[in-house]
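Converting from the sequence shown to my numbering requires adding 47 to each position, the first position being numbered 1. All C-beta atoms, glycine included, are put in the ideal place defined by N, C-alpha and C.
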Amino acid sequence: MNALQPSITMKQFVESKPGLKYVFFGGKGGVGKTVMAGAAAVALAQQGKRVLLASTNPVHSLSGMLNQDVFGKETPVEGVPNLWAYEIDTRDTIERSKQEIKEKIEWFLKYAEIKGRADEFVESATMNPAFEESAMFENMIDLMFADEYEVYVFDTAPTANARRLLGMSSVYSLWVNKMLQSRKEAQEMKLRLSFSKKKEEEDPLMDYLLKFRDRMERAKVLLTDPEKTAFFFVTLPEALPIAVIKRFINWFHEFGIPVGGVIVNMLIDASEVSDQADEFILNRIKMQAEYMKEIEEEFGDMVRAIIPLFETEVRGIEMLKRMAGLLFA
Ligand SMILES: Nc1ncnc2c1ncn2[C@@H]1O[C@H](COP(=O)(O)OP(=O)(O)OP(=O)(O)O)[C@@H](O)[C@H]1O
Ligand SMILES: [Mg+2]
């Protein structure tokens, strides 16, 4: 048995937040984020809530885990009433964003009487890897704003993006306001110089900036509301996954994003292993025990659940239900 016990369990935490609506799982690669998101979604659906389990990750794994094709549209999960799952089509989103940006640039080039082809600008703007991440983030907030479910569980927290968004949003607001002001001045100037008292021209770029700023503001309000939003961080009792979530948690505190807690995954149940076991296993158990001490020191009251290493990978609804039972024990 391990000494560390959650002082507030996952179950108690979720019960204390009846308005909880946006649930995220973050952590280092391969630690079990998808599995925990799946298990949490199953547990919440079993409580009778209408739940969407959504993946904004370009490399999807929900269909594999659920043993069911959920790519491209919101699909009812077989065997779990109230639960839908959805792998967003990344390529489609990116193409649409490119098109949208191209139209804006074309308009702007014409407006500013600059010679050049929009394509060149679009290529350089969308080559940036952050572009894909942003497109996924936009997808996520579209789902949130659509508001068709009681709870949204997102597989793979857009950690860097959430941090950037919130860190940048005040700077961004300043910047957009400044842009809006100078565009307004330019328009007034144009109007004064023209002979005909034409009505103010339509300005799609200004519209776009305004809409974007408002969307970001709305997203920020939702994502920083501790009654609605919780980010959970998954770690293993190992050095690197611990270091990764330590950093995430610090960022999140800095930006006022609500941290729901820490899930420790893949702990070998020492009580199941005899002293005569393979040295390899005994060494791993010893190593994990050391890191459990570090987890207790670092995260203490934030630990919500400690999940054992299963005998196989976690696939299919039956295993997810078993995981849900442990996560919400
Ligand atoms: N407690 C566990 N016991 C045994 N296997 C587990 C456990 N938790 C997760 N797994 C398995 O470990 C693998 C990684 O899990 P998962 O895909 O959820 O990680 P991830 O953090 O989402 O990875 P990625 O960063 O690639 O998205 C999967 O094969 C999963 O079935
Ligand atoms: Mg995953």
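By alpha-carbon positions, which one of the options ends up nearest to residue i?
i: lysine 149; options: Asp136, Ile161, Tyr158 and Ala172; result: Ala172
i: glutamate 337; options: Glu319, Glu301, Glu285 and Glu167; result: Glu285
i: threonine 140; options: Met112, Leu113, Gln115 and Thr103; result: Thr103
i: lysine 275; options: Pro65, Phe357 and Gln59; result: Pro65
i: tyrosine 133; options: Ile342, Ser63 and Leu190; result: Leu190
i: aspartate 272; options: Gln146, Ser63, Gly303 and Val124; result: Gly303
i: glutamine 93; options: Glu197, Arg262 and Asn330; result: Glu197
i: glutamine 59; options: Lys368, Asp348 and Val361; result: Asp348
i: serine 54; options: Val350, Glu345, Met334 and Lys75; result: Val350
i: arginine 331; options: Tyr255, Ile161, Lys368 and Leu314; result: Leu314
i: glutamate 153; options: Val169, Glu142 and Asn114; result: Val169
i: isoleucine 292; options: Lys340, Asp322, Asp316 and Phe346; result: Phe346
i: arginine 143; options: Glu167, Ala159, Lys157 and Ala182; result: Ala182
i: glutamate 358; options: Glu326, Glu343, Leu67 and Val320; result: Val320
Please confirm whether residue i and residue j have their CB atoms less than 8 angstroms apart.
i: leucine 100; j: glycine 119; result: no
i: valine 309; j: threonine 282; result: yes
i: arginine 265; j: phenylalanine 192; result: yes
i: valine 106; j: alanine 87; result: no
i: lysine 380; j: leucine 252; result: A question about residue 380 goes unanswered here, because the residues of the chain that appear run from 48 up to 376.
i: valine 98; j: leucine 109; result: no
i: asparagine 312; j: isoleucine 354; result: yes
i: alanine 371; j: methionine 57; result: no
i: leucine 130; j: valine 89; result: yes
i: aspartate 202; j: lysine 80; result: yes
i: arginine 294; j: isoleucine 188; result: no
i: phenylalanine 260; j: valine 223; result: It is worth fixing the name first, because residue 260 is arginine in this sequence and not phenylalanine. Against a cut-off of 8 angstroms, the Cβ pair of valine 223 and arginine 260 comes out as a contact.
i: phenylalanine 278; j: glycine 73; result: yes
List the residues that DSSP assigns as beta-bridge partners of residue i.
i: phenylalanine 72; result: Phe279
i: phenylalanine 118; result: Glu134
i: proline 322; result: It is worth fixing the name first, because residue 322 is aspartate in this sequence and not proline. Paired residues: none, contrary to the question.
i: phenylalanine 201; result: Phe71 and Ala101
Going by DSSP, what residue range makes up the beta strand (DSSP E) through residue i?
i: asparagine 297; result: Segment 286 to 302 is the alpha helix (DSSP H) holding asparagine 297; no beta strand (DSSP E) there.
i: isoleucine 332; result: Taken as a continuous stretch (DSSP letters only), isoleucine 332 belongs to no beta strand (DSSP E), being part of the alpha helix (DSSP H) at 326 to 346.
i: glutamine 101; result: The question names glutamine, yet the displayed sequence has alanine at residue 101. Per DSSP, alanine 101 belongs to the beta strand (DSSP E) from 98 to 102.
i: methionine 174; result: Neither: methionine 174 is in no beta strand (DSSP E) and is coded neither H nor E.
i: valine 361; result: Segment: none, valine 361 is in no beta strand (DSSP E) and carries neither H nor E.
i: glycine 307; result: 306 to 314
Along the alpha helix (DSSP H) that carries residue i, what are the first and last residues, could you check?
i: isoleucine 354; result: First-last for isoleucine 354: 350 to 355, but that is the beta strand (DSSP E), not the alpha helix (DSSP H).
i: glycine 111; result: 109 to 113
Q. Going along the chain, which unbroken runs of the alpha helix (DSSP H) with 4 or more residues stay wholly within the segment 223 to 277?
A. 251 to 270
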